[in-house]
Structures are given as structure tokens and as C-alpha cells.
Amino acid sequence: MELTFEVYLVLFGVALLAGFIDAIAGGGGLITIPALLATGMPPTMALGTNKLQSCGGSFSASWYFIRQKAVNLKQIIWLIVFTFLGAVLGTLLVQQINIDFLKKILPFLIFAIGIYFLLTPKLGESDKKTRISYLGFALTAGLGIGFYDGFFGPGTGSFLGLAFVMLLGFNLAKATAHAKVLNFTSNIASLLFFMIGGQLMWSVGIVMLIGQFIGARLGAKMVLTKGQKLIRPMVVVVAFVMASKLAFDYGWFE
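Numbering (this note's numbering), first residue to last: 1 to 254.
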């Protein structure tokens, strides 16, 4: 399929905005996937192309957090390993089974995260005592949420951020930084399988990847400068918008 220069320009802008939002609160796919589908791209190719461009945003934010020493890669190596493994397993399994049940309950789960953040204003305000070891986190949240991202995906950033706050006691800015690194890990794992299947439109993916890279860099900087004051309200808004859109898409209102 052939797209005009104007369409590429719009997709670049969409990716830039999505990258900025996703680096702070997650949910960038809510913006990019509908935009890709609107071009007439087949759904599977749209999902593969979305994974490619989202890698630009998640890599940009992750690299910024690492350079600013908000993330210590040596400390979370097992989290990265098991998140990657989980995403691979999820991507393999989703091709074999029906996920209609998950589609039905997912809006409720994401809405619940929004409510939880809304009703707990001091959540992630400062570091708290850890409730689990890093290896324990890798074997549970890392593996489980990585599996979910490969299996389905929406809300992965929100689930990871909440897990870091609740299980490892991270403040919200630190949790967001670490969540983005694991999100990049699971994105890469899923992207590999879309590449193998040839389900990518490289020209669109690369243009949007550049937009995502720039937007995520700006968003990541906001995370470290504004912290909880910015992240918490954005997580609430994005969670409510995401839950509403998914509920509509998956037939809750029919």
C-alpha cells in the first residue's frame, strides 16, 4: 500500500504525542493503533508496525532514565531476562487460543488501577519498604506482565508501574522509569515475532519510531523533573480513557 507525504507527516505527529504520553503514564497505543488502522493497514500489520514504532519510544525513555542514573541495569538484570521470556511465551500462546474473555475483563482491571491511583494521593510519594526480592519480582511481576504484553498488551505500563510501587516500594517516578525499561524489553520480544512473520510496514514504522523517540525523550525528562505531581494525574486520566475505549471496542455497551 502507498501513503501520501501528508499521511506520513500526520503519523509522525501522532507518534510524537503518543511517545510523550506513554513515557509518563503509558497508553500510547490508544493513539497509535487507531491511527495506523485508519490508513487502511490490515490489523495484524498495524499491530506489528505499532510494535516497531513503540520500540523507539520505549528505548528513548529507557536510555534517558539509564543515563540519568534513575535505573541501574545490573540491579534489574533478572527482571529484564524474565520479562523478555514472559513476552516470548505470551506472543507464542496468543496465536493458539481465544482471548475474548480477557478482552471482556481488561477494561475493568485498567479502570480499577485508575480508581486506585485517584483514591491514594500519597501513593508512590516516596520510597517504601520492599515486600519482595528482585528475583521474586522477576519471577512474578516480570514474567507475568511480560507474558501479558506479548499475549495482549494494553495497559502494560500501568501494570508494571503499580507493581514496582506495591512490591518493591519504589516512588512513582522511579517506578515509571523502571517500568519503561521492562516495557522496552517486552516490546523487543514481541517485535521479533512480527518481523519473522513479515507483519511490518517498515516505512511507516520507521517514521513513527522517530516521532516516538523524540516524544518519549521529552516525556521522560518530565518524569524526573515533575515526578509524582505529574505522573499520578496522568495515570488516572490515561487509565480512565483507556478503560472506556477498550470497553467500547470490546462490546461492553452493546
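No residue lacks a Cβ here, since even glycine has one placed at the ideal position from N, Cα and C.
Per the C-alpha coordinates, the member of A247, T44, R232, L52 positioned closest to I115 is R232. Contact holds between the stretch 51-58 and the stretch 198-216, because three or more Cβ pairs, one in each stretch, are under 8 Å apart. By the CB criterion at 8 Å, Y134 and I80 fall outside the cutoff.
For G146, the closest of T185, T225, L167, A70 by C-alpha to C-alpha distance is T185.
By a beta-carbon distance limit of 8 Å, N183 contacts G157. Their separation comes to about 5 Å. In this structure, L191 sits away from P154, with a CB-CB distance that is not shorter than 8 Å. Note that the stretch 21-32 touches the stretch 234-248; at least 3 beta-carbon pairs, one per stretch, sit closer than 8 Å. For G169, the CB contacts under 8 Å within the same chain, skipping 5 residues up- and downstream, are D127, K128, K129, T130, R131 in chain order. By the beta-carbon neighbour count (other beta carbons within 10 angstroms, threshold 16), A112 is exposed.
The C-beta separation of Y8 from A220 comes to about 25 Å, leaving the pair out of contact by the 8 Å criterion. A straight-line Cα-Cα distance of about 10 Å links A179 and V165. Leaving aside the five residues that flank A173 on each side, the residues in its chain whose CB is nearer than 7 Å to its CB run, in chain order, V223, L224, G227, Q228, I231.
Between the alpha carbons of M195 and A15 lies a distance of about 20 Å. Counting only the Cα atoms, Q212 lies some 10 Å from I21.
In this structure, I214 sits near G19, with a CB-CB distance shorter than 8 Å.
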